[in-house]
Amino acid sequence: MATTTEQPPVGFGRHKRVEDARFIRGQGRYVDDIKLPGMLHGAILRSPLAHARIVSIDSSRALAHPKVVAVITGRDLEAQNLAWMPTLSYDTQAVLATDKVRFQGQEVAFVIAEDRYAARDALELIDVEYDPLPVVVNARRALDPDAPVIRDDKEGQTDNHIFDWESGDAQATEEVFARAEVVVEQDMLYPRSHPAPMETCGALADYDRVNGRLTLWCTTQAPHVHRTAYALVAGLPEHRVRVISPDIGGGFGNKVPVYPGYVCAVVGSIVTGRPVKWMEDRSENLMSTGFARDYVMHGEIAANRDGRILAIRVNVIADHGAFNATAQPTKYPAGFFSVFTGSYDLEAAHCKVTGVYTNKAPGGVAYACSFRVTEAVYLVERMVDRLAGELGIDPAELRLRNLLAPEQFPYACKTGWVYDSGDYPTALRKAMALIGYEQLRAEQAERRARGELMGIGVSFFTECVGAGPRRHMDILGLGMSDGAALRIHPTGKAQLALSVQTQGQGHETTFAQIVAEELGIPVADIEVVHGDTELTPYGLGTYGSRSTPVSGAATALVARKIRDKARLIASAMLEVSPDDLEWEKGRFFVKGDPTMGASIQEIAMAAHGTVTLPEGVEPALEAETTYDPPNLTFPFGAYICVVDIDPQTAKVRVRRFVAVDDCGTRINPMIIEGQVHGGLTDGVGMALMEVIAFDEEGNCLNGSLMDYLIPTALEVPDWETDYTVTPSPHHPIGAKGIGESATVGSPPAIVNAICDALAPHGVRHMDMPCNPSRVWEAMQGRPAPPQ
Amino acid sequence: MQVTVNVNGVDHTREIEPRLLLVHFLRDELDLTGTHWGCDTSNCGTCVVLMDSEPVKSCTVLAATAAGHRITTVEGLERDGQLDPVQQGFHECHGLQCGFCTPGMMLTARALLDRNPNPTDEEIREAISGQICRCTGYATIVRSIRWAAEHSDSSSAQEVSV
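What follows is the structure, given as structure tokens:
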């Protein structure tokens, strides 16, 4: 391939991506690219109604279609005890509806046909009679006494309540609020949005009846968890289930849950004895798979007149849709929302989250949210801006007065999280200098005088990522740790197998760089294997920015195991004591005689050769490890955004966006920058455009990309990024993870900028998405109701 | 019905249903899976191919309509083992992450550079504005296409294996 000829680093640094070679040639291998002999195609019939009793399903006309092989309904699954499956939140979810449908787009029947067009045609031939029921789509109304009970399938469930969860100290917080000089309250909605990865969800199931083996190619971010789930749900022996997550066209949390379509493909293959592929279309993706957010929040912030922030209190109604199918650690039904304490030194904090069912698609934890840190950061950063407005203090200045100081780390926040490391004021000052904060404020004053609407928005976020520790964090009882296996072949080439999986993050490059950094083996000599349960060690998968904090640590540690063993082998090769050897990247040498040494490649050959190894040292150079993180990591950043709003059309334009991120040690700055850019674009989408809304009857109003608007190249500015480096003290290489920082941190910066721009109109807050019609309403002094 | 479509310089004749979309013709009949499918509404652009050198969304073109036209897919960008400068640019400038939108983006870029060898950043953004990328935030795609514009003389590039 013709490229520029800079030497790639052996270790950390800008390294062009290994995986590009196949993608730029159109040779990626996504689920829908895989064809098997005799393969059939599945399609799902979905409910047109949000809440209705199923009176009857008649598939006879569909079965008469010459190309239809089978039609599976909930009744058929019921006979196998498969009509319902457990969710990752210990709730149940209908695979195919039996009694009722509970949201528009719910799975009702599965058609299997000879080709994808015929499968779709046959959906039209299934006759379903529904008896409509009252609908509840507004989370605020879900617990009303007259609200229809959605989950009457659950014994003892007499309302739409799922859980109550609290964090912090309610009484201590009340005491601080009682003596505070200033209290600001704000209702806000983090609206329902959708990750909408470019590749929709799908699966190809191949069940071998003779050997009882199931191979499932699936759009999953967590292949090992899925394998265990299939073993638990379908009673399939786990050692005969192989889940392969091939190239994945974006995940963003949308591909963590087990979806009914996957289970239908598996059942379809078992029933027909042939491979069955199911790929959802875009509307199915938007209307039925894991959405994000939908948090109805009431925030309160207490402070002194001088701007000292004292306490924050939040009440949340969390809309989980018709089934509680969120994926987050079991003990945390609201994810890590309790990190709403943000980046500030508070005296007290308390939150209460109430989860409710509504007649909407299930989900909630997705779209690069770091288990609800997105909602937490939005809440606290909007509250701080509201306080700044109330006190008449510049929002950047107010933050500088309250940010945690570097010497306060490790810092135990009032809801129990222990922030590992940080230098917050440096990051914020850097962002302010980069964007020219003072000059911008002066420009804003001039423009305001001319009647122009310009806004400057600041946000400072603290993320918490890299779940576990496993003693506190599990999914379906599976502790949140991850594995890495490294083998050095005799010729010094290496293979690294990871339990995490990539959806575009570039693991094949960055994880090879970690090995290169530790062992001095060039990246080109390291093959990274991932996404196949048969070839990789067990682990919980890639979401919540886990890969670098957890599997990255595992990779460094397994490489160090190899290095420790290599020292013993080198000592045998060189006939010196291991203690007399010194390591420099790529080789051991005898202390005092650098010419006498052995490279890692020579050691690998010796490990497989005939040299007499020290007592207790086995031949070969292979190791495996599973990493149980002692704590989460806490990336942080300072974001500043400039917006201009057209006073005539109310259209918001993001003019500039400066992002200063700190993800600890930086493995590959090019990939980090790319991750930040992507997250910032998500932020523009959520702040300005993206929403999944419903009408009163539960019809999804944003079920296609005609209605669900995603930023294009014209809606986003040329991003300006910079960084600081504060390594995590407990991570083997000091890395913190970056995948979700920008998605978490950018929406409040943009909304803060918009509210700042609209201050002359008396606007103190408006809910996302800040699209022209809603901004216009806000400018007229009648903010549009939440969508 | 029988159609003959010229894809990447080769005529392919197939018996197809009249309603077959070009994207499925390419993927299912010709096994050219580099052309992706991402929405039903012509919004996402992962299915973009060139039809007589113009970008089209192959999810809204019937295979029958493409008969008699020249179709270029991502698999046709590399010539005689030499990557198109656009492909090189995406690799050099990190213009891709998950890779799903990449083929469509690169083909639009090729068409842009063919008619405007030295586009401004604004012209590049305009050209790709009918396509969605969820990973990159577009800035690196813009850089990639600019790189390709600046390295259009492929003979000046040096051969390095990737």
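Line order of the protein sequences matches chains A and B.
Using the numbering used here, you'd call the opening residue of the first sequence number 45 and step up by one each time.
Using the numbering used here, you'd call the opening residue of the second sequence number 2 and step up by one each time.
Glycine included, each C-beta is placed from N, C-alpha and C at the ideal position.
Exposure label - residue i; buried when at least 16 CB within 10 Å
{"i": "S156(B)", "result": "Per-residue confidence for S156(B) stands at a pLDDT of 48, beneath the threshold of 50, marking its modelled position as unreliable; the derived number appears in the next sentence. Its Cβ having fewer than 16 others within 10 Å, S156(B) is exposed."}
{"i": "Q159(B)", "result": "Any answer about Q159(B) is weak, because its pLDDT of 46 lies below 50 and its placement is not dependable; what the coordinates show is given next. It is exposed - the Cβ of Q159(B) has fewer than 16 other Cβ atoms within 10 Å."}
{"i": "S162(B)", "result": "Note on S162(B): pLDDT 48, under 50, position unreliable in the model; the coordinate value appears next. When all chains shown are included, S162(B) counts as exposed."}
{"i": "M45(A)", "result": "Caution applies to M45(A), whose pLDDT of 46 falls short of 50 and renders its modelled position unreliable; the value that the coordinates give is listed next. The residue is buried, with at least 16 neighbouring Cβ atoms inside 10 Å."}
{"i": "P377(A)", "result": "buried"}
{"i": "G200(A)", "result": "exposed"}
{"i": "T639(A)", "result": "exposed"}
{"i": "V421(A)", "result": "buried"}
{"i": "E229(A)", "result": "exposed"}
Contact set between residue i and chain B, taken where Cβ atoms lie within less than 8 Å
{"i": "H721(A)", "result": "T137, G138, Y139, A140, T141"}
{"i": "K60(A)", "result": "H92, E93, H95, V163"}
{"i": "F296(A)", "result": "R135"}
{"i": "W763(A)", "result": "G138, A140"}
{"i": "D252(A)", "result": "Ordered by position in chain B, no residue passes the 8 Å Cβ test against D252(A), which lies about 24 Å from the chain."}
Cross-chain neighbours of residue i in chain A, by beta carbon under 8 Å
{"i": "S153(B)", "result": "Correct list: empty, because the minimum Cβ distance to chain A is about 12 Å."}
{"i": "I1(B)", "result": "The shown model of chain B, from 2 to 163, leaves out residue 1(B), and the question about it has no answer."}
{"i": "E79(B)", "result": "R69"}
{"i": "R10(B)", "result": "In the sequence as presented, Arg is not what sits at residue 10(B); that position holds Gly. Near G10(B) there are no residues of chain A at all, since even the closest Cβ is about 15 Å away, more than 8 Å."}
{"i": "T42(B)", "result": "R326, S748, L749, M750"}
{"i": "E124(B)", "result": "Going along chain A, no residue has its Cβ under 8 Å from E124(B), so there is no contact; the nearest lies around 11 Å."}
{"i": "M107(B)", "result": "I68"}
{"i": "V50(B)", "result": "Ordered by position in chain A, no residue passes the 8 Å Cβ test against V50(B), which lies about 10 Å from the chain."}
Chain-ordered chain B contacts of residue i [CB-CB under 9 Å]
{"i": "G550(A)", "result": "H95, Q98"}
{"i": "Q547(A)", "result": "Q98, C99, C136"}
Listed by chain order, chain A residues near residue i by CB distance under 7 Å
{"i": "V133(B)", "result": "Before going on, a small fix: residue 133(B) reads as Ile here, not Val. Per Cβ cutoff of 7 Å: M242, I754, T756."}
{"i": "T103(B)", "result": "F67, I68"}
{"i": "C45(B)", "result": "M242, L749"}
{"i": "T34(B)", "result": "D77"}
Cβ shell of residue i (< 8 Å), same chain only, five flanking positions each side left out
{"i": "T61(B)", "result": "L22, S43"}
{"i": "Q265(A)", "result": "S289, I292, G295, G297, K299, V300, Q545, Q547, G585, T586, Y587"}
{"i": "V8(A)", "result": "Residue 8(A) lies beyond the range of chain A shown here (45 to 831); nothing can be said about it."}
{"i": "V400(A)", "result": "A183, A186, L187, N204, H205, I206, I361, A362, D363, H364"}
{"i": "K198(A)", "result": "T136"}
{"i": "E668(A)", "result": "G527, A528, A529, L530, P581, V602"}
{"i": "Q549(A)", "result": "T586, S591, I715, Q719, G783"}
Neighbour list for residue i in chain A, Cβ cutoff strictly below 9 Å
{"i": "Q3(B)", "result": "The contacting residues do not exist; Q3(B) stays about 18 Å from chain A at best."}
{"i": "T121(B)", "result": "Simply none; closest approach about 12 Å."}
{"i": "G69(B)", "result": "Those do not exist, as G69(B) stays about 23 Å from chain A at its closest Cβ, beyond 9 Å."}
Interface residues of chain B facing residue i [CB-CB closer than 7 Å]
{"i": "D569(A)", "result": "Simply none; closest approach about 13 Å."}
{"i": "M714(A)", "result": "H95"}
{"i": "L724(A)", "result": "G138"}
{"i": "I292(A)", "result": "C99"}
Close-in-space but distant-in-sequence residues of the same chain around residue i (CB under 6 Å, 5 per side omitted)
{"i": "V251(A)", "result": "The identity of residue 251(A) in the sequence shown is Tyr, whereas the question assumes Val. Closer than 6 Å at Cβ, skipping near neighbours: L258, S313, I314."}
{"i": "K832(A)", "result": "No answer is possible for residue 832(A): it lies beyond the span of chain A, which begins at 45 and ends at 831."}
{"i": "T14(B)", "result": "T5"}
{"i": "P450(A)", "result": "D467"}
{"i": "P178(A)", "result": "P192"}
{"i": "S100(A)", "result": "E173"}
{"i": "P691(A)", "result": "L497"}
Residues near residue i by beta carbon distance below 7 Å, same chain, minus five either side
{"i": "A106(A)", "result": "V112, V115, V155, A166, L169, I170"}
{"i": "E26(A)", "result": "It is not possible to answer for residue 26(A), since the shown part of chain A is limited to 45 through 831."}
{"i": "H652(A)", "result": "P534, P663, A664"}
{"i": "T316(A)", "result": "L84, V113, A114, I156"}
Which residue spans inside the region 102–151 of chain A form an unbroken beta strand (DSSP E) run of at least 3?
-> 112–117, 128–130, 136–138
Return the residues of the region 743–760 of chain A that lie within a Cβ-Cβ distance of less than 7 Å from chain B, sorted by chain order.
-> S748, L749, M750, I754, T756, A757, L758, V760
Listed in chain order, which residues of the region 611–634 of chain A have Cβ atoms closer than 9 Å to some Cβ of chain B?
-> none
Ordered list of beta strand (DSSP E) runs contained in the region 338–396 of chain A, each at least 3 residues | 339–347, 353–363
Whole alpha helix (DSSP H) elements within the region 578–665 of chain A, 4-residue minimum | 597–618, 644–652
Could you name each continuous beta strand (DSSP E) segment of 3 residues or more that falls completely within the region 521–585 of chain A, going from the start of the chain to the end?
-> 526–532, 538–542, 570–573
Any chance you could list the alpha helix (DSSP H) runs of at least 4 consecutive residues sitting entirely within the region 166–236 of chain A, in chain order?
-> 214–223
Going along the region 13–31 of chain B in order, which residues come within less than 9 Å of chain A, judged by CB to CB distance?
-> E18, R20, L21, H25, R28, D29
Give, in chain order, every unbroken run of the beta strand (DSSP E) that is at least 3 residues long and sits entirely within the region 30–75 of chain B.
-> 49–52, 55–58, 71–73
Secondary structure, beta strand (DSSP E): runs of 3+ residues fully inside the region 299–344 of chain A = 320–323
Enumerated in chain order, which unbroken segments of the alpha helix (DSSP H) with a length of 4 residues or greater are wholly contained in the region 448–495 of chain A?
-> 468–479, 481–493
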